[in-house]
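Visitor:
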Amino acid sequence: MKILTPAKINPLLYILSKREDGFHELYMHMVPVSLFDTLTFTHNDGQGLNLKVSGAEFSEPPEENLVVRAVRIFELESGETVNLNVILEKHIPSGAGLGGGSGNAAGTIQALNHLYRRSSETEG
Numbered sequence: 665m666k667i668l669t670p671a672k673i674n675p676l677l678y679i680l681s682k683r684e685d686g687f688h689e690l691y692m693h694m695v696p697v698s699l700f701d702t703l704t705f706t707h708n709d710g711q712g713l714n715l716k717v718s719g720a721e722f723s724e725p726p727e728e729n730l731v732v733r734a735v736r737i738f739e740l741e742s743g744e745t746v747n748l749n750v751i752l753e754k755h756i757p758s759g760a761g762l763g764g765g766s767g768n769a770a771g772t773i774q775a776l777n778h779l780y781r782r783s784s785e786t787e788g
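Under this note's numbering, the letters of the sequence shown match residues 665 to 788, in that order.
1. Which ranges does the alpha helix (DSSP H) cover as unbroken runs of at least 4 residues, wholly within the segment 728–785, from first to last along the chain?
2. So for Pro726, helix, strand or coil by DSSP?
3. Just list the beta strand (DSSP E) runs in the segment 673–719, keeping only unbroken ones of 3 residues or longer that don't cross its boundaries, in chain order.
4. With the cut-off set at 8 Å, would you say Val750 and Leu779 are in Cβ contact?
5. Give every residue of the same chain whose Cβ lies closer than 7 Å to the Cβ of Tyr691, excluding the five residues on either side of it in the sequence, and list them in chain order.
What follows is the structure, given as structure tokens:
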């Protein structure tokens with residue numbers, strides 16, 4: 665399975681009140697741009713998660729990558745053990761404020777829900 669995760673810019677962003685959960689209410693206008701990272705997912709035979717990243721250098725440990733963190737949360741919440749090879753082809757510059765990391769995490773959750781036949785809806 666291959667997923668394109670688009671970059672985005674926020675030409676208008678206002679931080680509003682702080683919520684009880686510690687997060688802030690936001691008012692923003694988001695515009696997607698024609699720059700994408702690519703995620704490719706293939707099953708492996710019980711080898712766990714194998715992530716390969718191309719197109720960017722990362723100084724952080726692999727467990728801090730948002731793709732890996734999304735997989736770990738999915739495993740925790742679903743009870744599944746993820747056995748996938750994931751190739752992340754970076755075209756969105758890291759740390760540029762274009763939403764590359766969060767888009768990759770969202771794309772990963774979308775792929776996992778499809779591959780493991782889980783609903784993407786949340787309760788509550």
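Even glycine gets a Cβ: it sits at the ideal position worked out from N, Cα and C.
Guide: Reading it off the structure:
1. As for any alpha helix (DSSP H) of minimum length 4 sitting wholly inside the segment 728–785, the runs are 730–742 and 764–779, ordered along the chain.
2. In the structure shown, Pro726 falls within a helical segment according to DSSP collapsed to helix, strand and coil.
3. The DSSP assignment places complete beta strand (DSSP E) segments of no fewer than 3 residues inside the segment 673–719 at 688–707 and 713–718, in order along the chain.
4. With a cutoff of 8 Å on beta-carbon distance, Val750 and Leu779 are scored as not near each other.
5. Closer than 7 Å at Cβ, skipping near neighbours: Tyr678 and Leu680.
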